[in-house]
Each structure stands twice: as C-alpha cells, then as structure tokens.
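These protein sequence lines are chains W and H, in that order. Here the first sequence stands for residues 124 to 237, numbered as in the working numbering. Here the second sequence stands for residues 131 to 331, numbered as in the working numbering. Ideal placement from N, C-alpha and C gives every residue a C-beta, glycine not left out. A quick note: this is a predicted structure, and the numbers were derived from the prediction, not measured.
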Amino acid sequence: MKASPVNVLVIFYSCCGRTEKLALAAAVGAVQARANIRMRRLTDSGEQIPECKEALARMRKEYVPPAQTDVVWADAVIIGMNGKVAGVVEDAAQATAFGRRIVGETRAIREGQG
Amino acid sequence: MGFRALRVMNEDRIAPGKGFGPHAHRDMEILTYVLEGKLLHRDSMGEQHVLGPNEIQMMSAGSGVVHSEFNASETEPVHVIQIWISPQAEDLEPSYQQVAFAAEEKRGRLRLLAAPNLSEKPMTVIRQDARVYAGELAVHERVKHTFDAERYAWVQVVKGNVSINGQLLSEGDAAVVSAERELSLIGIEPAGGEVLLFDLR
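1. Would you list, in chain order, the members of the region 146-166 of chain H that have their beta-carbon closer than 7 Å to a beta-carbon of chain W?
2. Given a threshold of 16 other Cβ atoms within 10 Å of its Cβ, counted over all protein chains shown, does T162 of chain H qualify as buried or as exposed?
3. Just verifying my parser: in three-state terms, what is the DSSP assignment at M182 of chain W?
4. Is it buried or exposed, R311 of chain H, if we count other Cβ atoms within 10 angstroms and call 16 or more buried?
5. Could you check what DSSP says for I232 of chain W in three-state terms: helix, strand or coil?
6. Within the chosen definition, does the region 195-215 of chain W reach the region 146-166 of chain W through at least 3 CB pairs nearer than 8 Å?
7. Of the residues H:G182, H:L222, H:Q258, H:D329, which one's Cα is nearest the Cα of K274 of chain H?
8. For V210 of chain H versus L243 of chain H, is the C-beta distance shorter than 8 Å?
9. Which residue's Cα is closest to the Cα of E185 of chain H: H:G194, H:M175, H:G167, H:H197?
10. Looking only at its chain, what residues have a beta carbon closer than 6 Å to the beta carbon of H155 of chain H, apart from the 5 residues adjacent to it on each side?
11. Using a Cβ-Cβ cut-off of less than 9 Å, list which residues of the region 182-197 of chain H approach chain W; keep chain order.
12. Count the other CB atoms within 10 Å of the CB of I172 of chain W; is the residue buried (16 or more) or exposed (fewer)?
13. If the cut is a Cβ gap below 9 Å, which residues of chain W does S249 of chain H touch?
14. Can you confirm whether I202 of chain W, when its beta carbon is compared against all beta carbons of chain H, has any partner nearer than 8 Å?
15. Taking 8 Å as the cut-off, decide whether the C-beta atoms of V138 of chain H and L169 of chain H are in contact.
16. Identify which residue in H:S300, H:M189, H:S314, H:G296 has its Cα closest to the Cα of S225 of chain H.
17. Flag this pair as yes or no: are the beta carbons of N201 of chain H and I144 of chain H separated by less than 8 Å?
18. Can you give the beta carbon distance from P189 of chain W to R163 of chain W, rounded, assuming they're within the 8 Å contact cut?
19. In three-state terms, what does DSSP make of I318 of chain H?
20. Which residue wins for smallest C-alpha separation from R257 of chain H, given the options H:N140, H:D157, H:G147, H:G132?
21. Contact check, V229 of chain H vs P252 of chain H under 8 Å by CB: the rounded distance?
22. Is there at least one Cβ from chain H nearer than 8 Å to Y136 of chain W's Cβ?
23. Across which residues does DSSP place P183 of chain H in a beta bridge pair?
24. Beta-carbon within less than 8 Å of D259 of chain H's beta-carbon, same chain only, minus the 5 sequence neighbours each way: which residues are those?
25. Note down the Cα distance separating Q191 of chain W from V154 of chain W, rounded to an integer number of angstroms.
26. Can you grab the Cα-Cα spacing for the pair V307 of chain H / I160 of chain W, in whole Å?
27. Counting contacts by CB-CB distance shorter than 8 Å, is S203 of chain H in contact with chain W?
28. Go to T192 of chain W, then tell me how far its alpha helix (DSSP H) extends in each direction, as first and last residue.
29. List the residues that DSSP assigns as beta-bridge partners of T254 of chain H.
30. For E199 of chain H, which of W:D193, W:W196, W:V194, W:K184 has the nearest alpha-carbon?
31. Just to confirm my understanding: we take N130 of chain W, look at its own chain, exclude 5 residues before and 5 after, and list those with CB closer than 6 Å. What are they?
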C-alpha cells in the first residue's frame, strides 16, 4: 500500500538568492522523498542591495509569501533563513527560542483563523 | 486525461511579465513547445534558458525537479503547448534538454523533436517509447506518417486547419488514432496549419 504523500511547506527569507538556492535543494529533497511541496518566500522589508538587484527583483516576482491556507495544508514546514535574520547567531538558547517562537506563532495563526 | 503514455496536453497563453512560480515535478517527461513569444525557464538543476518558437524543451523530472516558468517579455504575450508523458521508469536522474531547429525543417514535413534514441540532430531524447514530431502544412500541402504495428497516435492541431485522413480539425482539436497504419495530413484553407504528432506504444 502506498502511503499518502506528506505536504511540505518550504518558507525562506532570501535577498541575494543564496538561501533561495538552499531552499530549492531542501524542496527537491522533499520531492525525492515523495512529498508534495510549496515554496513561499517571506516578503523582504524593501531591502536595496545593489549587487543583488537582479536576484531580488526576480524573487519578488516569482514567489508569493506564505498564506494561512499553506500553513493549514502543510504536514511539515522547512524554514530557511540566515542566522542573523533568525536571530540565532549568539547562543544555543536563541536557536531554541527561535524554534519555539515559530511553533507558537504558527499555532496561533492556525487556531486564530482556521 | 491519459492516452497510452500521454498524460497531459496543456495550452497556455501567459500575459507579459506573468508566469508560474517555483513548483515541483516528479517522474514525468515534460515537453514545452512555444508557438509565439518567449518563455523563461529556471530550475533547481541550475538551468536558466529562454525558449522560443522552433525549439523544443524536454525537462525530464525523474526523482524531482523544482522549476519556474515566466513570460520572458514585459510587452508580448507567450503562447505555449506543454505535454506530459510518463517515463519508462521512476526515480530517473533529472535532466534538461533544449534544442533549436530551422523553421523550414518542419515545413511540409514532420520534424522529429523527441525519440528514445538520437536519430536526427538536433533533437531531444525522451525516456519513453514515444516519438514526437512537429509539422507545418501550407494549404493543400500533404504529409504522410506510417505506423508500425501496435502503434497509436495523438495528433494535436496547434495552429490553423488540418485534415487528418479526411477529418477536418482546427486549432485546439486533437485526433486519437488507433488501428491505422497510415495518416495523411493536409493543410486546409485559409492558411494551412501546424500539428504536433505523438507516435506512441
């Protein structure tokens, strides 16, 4: 019997395309594991990075930000962002706090609007 | 939809600057044929290409590919046919092929675009027992296609009017062919037409 596919939501924050590339690799890995995927880019805060102008314009056009329906759809979530953006560059407690914040806020969204 | 190994026959008109954001495919041979305009392709294999008329793109999704497709122009629409064909096996290595040919190579004849083995260059290799042709026929121009035993065909009219063994088909129509050993395609008024022919097991 074939197991029903797992839905994986890949959320990432990228301005120059480096984290996007990693997010793509994670998404392909999920597909290889026979999951369904959705890729969603977190809206940037209007960054202007001259050397990343093209990548930024392209990603703003190609991706949409995560919606509530994406979160409800997902069985698993993969998050990609650099440590500075996530605020986890100083110590392990920050990483744990970051993880807990993600879980808590996602739950709040789901329960609040679901 | 499903006819032999053919799974999807899709026609899209994409407005300038619009397209399909990154999404995944698995275990599918995906052919893209542009009728008008330019399509920008990007994928997780690192391929980035612009596809135009008189070219064929074959993305073999295999174990998994994520790709996006956008109209490459901010001013002109793009008109595109996309075809999904089941591969012979699952979990194959993903690959990307794109080849261009001269417009006259499909005029008044069937130009081979994809086959399981390289037999005419340039063309793409498909990992299925299928042969894909494009043919453009002026008014009254005729081309024949003969089949081996136990072969089937899907003929998609992508432009104008074409008669297939006496049946008139117009843009967007398709003929499903079984138990025939020969097809006769003729361009019909006012301007002839263009077909994609899939010779299938």
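To lay it out plainly:
1. Answer in chain order: G151, P152, A154, R156.
2. For this step, residue 162 of chain H is matched to residue 32 along the second sequence. Looking at its Cβ environment, which holds 16 or more other Cβ atoms inside 10 Å, T162 of chain H is buried.
3. Residue 182 of chain W sits at position 59 when you count from the first residue of the first sequence. The answer is helix: DSSP assigns M182 of chain W an H, G or I state.
4. The residue you call residue 311 of chain H lines up with position 181 of the second sequence. Classification for R311 of chain H: exposed.
5. In the first sequence, counting from the first residue as 1, residue 232 of chain W sits at position 109. It is helical.
6. yes
7. Position 144 of the second sequence, counted from the start, is the residue given in the question as residue 274 of chain H. Answer by Cα proximity: H:D329.
8. The sequence position of residue 210 of chain H within the second sequence is 80, counting from 1. The sequence position of residue 243 of chain H within the second sequence is 113, counting from 1. Their beta carbons are not under 8 Å apart, which means V210 of chain H does not touch L243 of chain H by this criterion.
9. What you label residue 185 of chain H is simply residue 55 of the second sequence in a count that begins at 1. The option with the nearest alpha carbon to E185 of chain H is H:G167.
10. Working through the second sequence from its first residue, we reach residue 155 of chain H at position 25. Cβ within range, chain order: A191, V195.
11. A191, S193, G194, V195, V196
12. Within the first sequence, the letter at position 49 stands for residue 172 of chain W. Classification for I172 of chain W: exposed.
13. What you label residue 249 of chain H is simply residue 119 of the second sequence in a count that begins at 1. Ordered by position in chain W, no residue passes the 9 Å Cβ test against S249 of chain H, which lies about 32 Å from the chain.
14. Taking the first residue of the first sequence as 1, we reach residue 202 of chain W at position 79. Not closer than 8 Å to any Cβ of chain H, the Cβ of I202 of chain W fails to qualify, so no.
15. Position 8 of the second sequence, counted from the start, is the residue given in the question as residue 138 of chain H. Position 39 of the second sequence, counted from the start, is the residue given in the question as residue 169 of chain H. No; because the gap between Cβ atoms is not below 8 Å, this pair is not in contact.
16. Numbered from 1 along the second sequence, position 95 holds the residue referred to as residue 225 of chain H. Comparing Cα-Cα distances from S225 of chain H to each of H:S300, H:M189, H:S314, H:G296, the minimum goes to H:M189.
17. Here residue 201 of chain H refers to the residue found at position 71 of the second sequence. Here residue 144 of chain H refers to the residue found at position 14 of the second sequence. Closer than 8 Å, so yes.
18. Taking the first sequence and counting its residues from 1, one reaches residue 189 of chain W at position 66. Taking the first sequence and counting its residues from 1, one reaches residue 163 of chain W at position 40. Confirmed, about 4 Å.
19. As a position in the second sequence, residue 318 of chain H is number 188, starting the count at 1. The answer is coil: DSSP assigns I318 of chain H none of H, G, I, E or B.
20. Here the question's residue 257 of chain H lines up with position 127 in the second sequence. Ranking H:N140, H:D157, H:G147, H:G132 by Cα distance to R257 of chain H puts H:D157 first.
21. Residue mapping note: residue 229 of chain H aligns to position 99 of the second sequence, counting from 1. Residue mapping note: residue 252 of chain H aligns to position 122 of the second sequence, counting from 1. Contact holds; Cβ gap of about 4 Å.
22. Here residue 136 of chain W refers to the residue found at position 13 of the first sequence. Taking Cβ atoms only, chain H never reaches closer than 8 Å to Y136 of chain W, which makes this a no.
23. To locate residue 183 of chain H, count along the second sequence from 1; it is residue 53. Paired residue(s): H:V164.
24. Counting from 1 along the second sequence, the entry for residue 259 of chain H is found at position 129. A135, Q218, P246, L330, R331, listed in sequence order.
25. Numbered from its first residue, the first sequence carries residue 191 of chain W at position 68. Numbered from its first residue, the first sequence carries residue 154 of chain W at position 31. So the alpha carbons of these two residues sit roughly 22 Å apart.
26. Translated into positions along the second sequence, residue 307 of chain H becomes position 177. Translated into positions along the first sequence, residue 160 of chain W becomes position 37. Distance between the alpha carbons of V307 of chain H and I160 of chain W is about 37 Å.
27. Translated into the one-based positions of the second sequence, residue 203 of chain H becomes position 73. Taking Cβ atoms only, chain W never reaches closer than 8 Å to S203 of chain H, which makes this a no.
28. Translated into the one-based positions of the first sequence, residue 192 of chain W becomes position 69. Element bounds for T192 of chain W: 191-196.
29. Within the second sequence, the letter at position 124 stands for residue 254 of chain H. In DSSP, T254 of chain H forms a bridge with H:A244.
30. On the second sequence, residue 199 of chain H is found 69 positions in, with the first residue counted as 1. Nearest C-alpha to E199 of chain H: W:K184.
31. In the first sequence, counting from the first residue as 1, residue 130 of chain W sits at position 7. The answer, listed in chain order, is N159, W196, A197, D198.
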